[in-house]
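Heads up: the structure comes next, in structure tokens.
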Amino acid sequence: MSGTRSLGGRRMRSDAGIAWLLTLPAILAYLAMILLPLLAVLALAFTDYEFGARGFRWIGLANFADMLSDRTFAASIRNTVVYCLFVAPLSIGIALALAVLIEAGARGRAFYRAVFFLPVVSLTVAMATAWQYLLHPSIGPVNALLRMVGAGTPNWLGSSDWVIVSLGFIGVWENVGFNLVLFLAGLTAIPRELYAASEIDGARSGWSKFWLVTWPMLGPTMLFVIIITMTRSIRVFDTVQTLTQGGPNNASEVLLRTIYQEGFHYFKFGYSAAITLVFLVIVLGLMLVQTRLIDRRVHYG
Amino acid sequence: MQDRSLINDLPRLALLSLAAFVVLAPYIWMVAVSVKPQDEVFKASLSLIPQKWALIENYGKVLKTIPIWTYIVNGLIVCFGILFFQILFAVPAAYALAKLNFRGRELIFGFVMLGLLVPYQTTALPLYLGIHQLGLLNSYTALIAPFTCSVFAIFLFRQFFRAIPDDLINAARIDGMGEFSIVWRVIVPNALPAATAFAIFSVVAHWNDLFWPLIVIQKGNLYTPAMGILAFRSVEAGEDYGALMAAALLVTAPLVLAFLFAQRRFIEGITMTGLKG
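Residue numbers (my numbering), protein chains in the order written: chain A, 7 to 307; chain B, 114 to 390.
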């Protein structure tokens with residue numbers, strides 16, 4: 007505002023008027039679509055409100071107490087955790103390996119990057135359907151291949167032992183490209199001289215250079231990728247809804263689907279809101295961890 | 114990165130190609146199965162080329178059974194409707210936050226940061242209640258309205274606008290331009306890369322979304338592409354994988370083609386969501 011300093015207070019006042027005018031549409035939309043619904047969901051969680059009912063009662067923490075004895079909710083939490091613990095390490099590890107491989111040479115960079123990124127822009131429901139065919143117990147190519155080599159042919163999406171692994175595998179497939187691109191950006195930011203310096207220090211093989219230079223320098227990127235992947239995979243819904251609808255026997259019930267099911271299928275809005283809060287707290291917890299750790303580890307040198 | 118001979122580079126390329134094959138497998142079989150007749154699909158062979166082509170049969174069945182073009186048009190209306198309002202609301206707000214001095218600026222920005230922390234699924238229940246109250250279930254409004262305020266867009270644009278020199282804005286003021294025309298005629302043309310990146314991020318997110326449409330839409334003529342696939346499968350083609358893959362391919366193709374034409378912009382746009390949170 008240096009150019010208008012001479013106008014002093016008057017300039018400030020006219021700024022305020024126009025500024026509120028410019029922000030007004032966003033403020034109204036924010037109130038209606040984000041803030042009020044957020045407060046409403048906070049309130050709903052402490053009621054027994056059911057959609058279509060005439061009234062509701064405040065029931066304190068009863069919804070949360072109900073969760074403790076709700077086997078579907080227990081399954082939902084367990085499956086979501088297992089899913090995240092499957093998807094995050096694998097999609098991050100594979101993405102890092104592929105990023106290092108891509109970065110190690112000049113050939114095919116753009117091609118491979120595009121191929122691995124393709125799932126990120128593809129319609130999840132449609133691709134899940136394609137995976138359903140690939141993983142079909144009797145006519146699917148995956149089991150046809152396994153039969154050829156004489157291995158067992160599991161019912162990937164139909165058996166409670168395999169279903170979360172299969173969904174997890176699809177989740178890895180979805181997330182690798184996203185993480186890969188973040189790692190590629192992190193890798194290009196590492197100064198080349200560090201590799202030269204590490205050679206002087208005796209790091210000959212690519213392997214020791216990786217542990218001496220790449221790995222520590224990727225620290226901040228890595229942290230960021232971990233949190234991003236966790237917050238993405240905790241929101242798994244589309245593949246589950248398309249392929250298993252939580253089944254068989256709740257073996258693939260996940261948090262967002264439970265929220266959807268309790269709210270929009272059984273119309274138990276109060277209970278669904280309470281589960282929503284649990285979901286929100288987990289997401290916020292992850293983000294808190296991120297900001298805490300980033301504050302501490304930003305000076306990685 | 115050193116230039117190696119092709120021979121030395123082979124192990125690297127082999128590993129990458131193997132991974133690429135796994136990633137591409139669903140696409141390869143999606144295309145292959147969409148032109149196979151049903152009896153060949155059920156033979157469970159690994160071959161990709163059909164002995165008898167069923168392209169017309171499968172795609173014909175899709176077009177006959179579900180109004181897939183309607184779904185695709187719905188998807189476009191919803192995505193671009195959302196994008197239109199997101200830009201319309203976020204750009205002026207971001208300009209005010211970046212370039213104007215006013216009381217309450219910090220407060221508004223604080224609320225923007227708060228909004229960034231809240232996944233949109235959190236607010237689904239009250240939004241549904243509100244939309245139901247207004248009698249707006251099963252409408253484009255129900256699909257578009259909840260996403261009109263993108264805090265992420267405000268945050269992203271604010272960062273970009275801050276980098277635009279004040280002199281440019283002051284010059285426009287001296288020329289007699291009002292703040293509104295400064296926003297749309299000076300700021301926006303200077304922030305096109307950010308706008309493009311955000312547009313891609315937004316369109317991809319909403320084209321692929323299933324959770325919200327599933328909640329507010331029950332009528333077939335308002336189905337989005339993702340819902341269309343689900344509906345087609347449950348009504349008609351439970352095990353008719355040929356037709357199912359044809360339908361899946363038709364709704365996946367628009368974004369995938371756009372991606373292949375503008376890879377770098379897509380990758381930039383979508384990974385910018387990394388800023389989020």
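No residue lacks a Cβ here, since even glycine has one placed at the ideal position from N, Cα and C.
- Inter-residue distance for residue 279(B) and residue 55(A) is about 52 Å (C-alpha atoms, whole angstroms).
- CA-to-CA, the gap between residue 290(B) and residue 264(A) works out to about 53 Å.
- Taking 7 Å as the threshold, the shortest C-beta distance from residue 278(A) to chain B falls below it.
- Taking 7 Å as the threshold, the shortest C-beta distance from residue 181(B) to chain A does not fall below it.
- Interface residue (Cβ-Cβ distance to chain B less than 7 Å): residue 235(A) is not classified as such.
- The straight-line gap separating the alpha-carbon atoms of residue 191(A) and residue 382(B) is approximately 14 Å.
- With a cutoff of 7 Å on beta-carbon distance, residue 145(B) and residue 161(B) are scored as near each other.
- According to DSSP, residue pairing for residue 53(A) in a beta bridge involves 64(A).
- Around residue 179(A), the beta-carbon contacts reaching into chain B at under 7 Å are 136.
- Note on geometry: alpha-carbon atoms of residue 287(B) and residue 260(A) lie some 58 Å from one another.
- Going by C-alpha positions, residue 170(A) is about 50 Å away from residue 26(A).
- When the Cα atoms are used, residue 141(B) and residue 216(B) turn out to be separated by approximately 57 Å.
- In the structure shown, residue 70(A) adopts helical secondary structure according to DSSP, grouped into three states.
- Just so you know, the alpha carbons of residue 323(B) and residue 269(B) end up roughly 25 Å apart.
- One alpha carbon belongs to residue 128(A), the other to residue 39(A), and they sit about 27 Å apart.
- Membership of residue 163(A) in any alpha helix (DSSP H) is not indicated, and neither H nor E is assigned to it by DSSP.
- For residue 142(A), the three-state secondary structure derived from DSSP is coil.
- In the structure shown, residue 164(B) falls within a coil segment according to DSSP collapsed to helix, strand and coil.
- When DSSP states are grouped into helix, strand and coil, residue 337(B) belongs to the coil group.
- As summarised for the region 205-284 of chain A, the continuous alpha helix (DSSP H) elements at least 4 residues long and confined to that stretch are 212-215, 225-239, 244-249 and 261-270, given in chain order.
- Straight-line measurement puts the Cα of residue 44(A) at about 27 Å from the Cα of residue 313(B).
- Chain order gives the chain A residues near residue 261(B) as 35 and 39, where near means a beta carbon separation below 7 Å.
- In the three-state reduction of the DSSP assignment, residue 321(B) falls in the coil class.
- Residue state for residue 155(B) is assigned as coil, using DSSP reduced to three classes.
- Within the same chain, Cβ atoms closer than 8 Å to the Cβ of residue 134(A) are found at 176, 244, 245, 248 and 249, the five residues on either side in sequence being excluded.
- Of the residues 289(A), 288(A) and 281(A), the one whose Cα lies closest to the Cα of residue 53(A) is 281(A).
- Two segments are said to touch when three or more pairs of C-beta atoms, one from each, lie closer than 8 Å; by this definition the region 246-262 of chain B touches the region 328-338 of chain B.
- For residue 251(B), the closest alpha carbon among the candidates 330(B), 182(B) and 321(B) is that of 330(B).
- Per DSSP, residue 352(B) lies in no alpha helix (DSSP H) segment and is marked neither H nor E.
- Contact annotation: residue 143(A) and residue 179(A) have beta-carbon atoms that are not nearer than 7 Å.
- Sixteen is the threshold: when 16 or more other Cβ atoms of the shown chains lie within 10 Å of the Cβ of residue 354(B), as they do, the residue is buried.
- No Cβ-Cβ contact shorter than 7 Å links residue 222(B) with residue 261(B).
- Rounded to whole angstroms, the Cβ separation of residue 129(B) and residue 98(A) is 18 Å, and the two are not in contact under 8 Å.
- Three or more pairs of CB atoms, one per stretch, sit closer than 8 Å, so the region 339-346 of chain B contacts the region 171-181 of chain B.
- The shortest C-alpha to C-alpha distance from residue 36(A) to any of 172(B), 194(B), 362(B) and 267(B) is the one to 267(B).
- C-alpha of residue 282(B) to C-alpha of residue 234(B): approximately 39 Å in a straight line.
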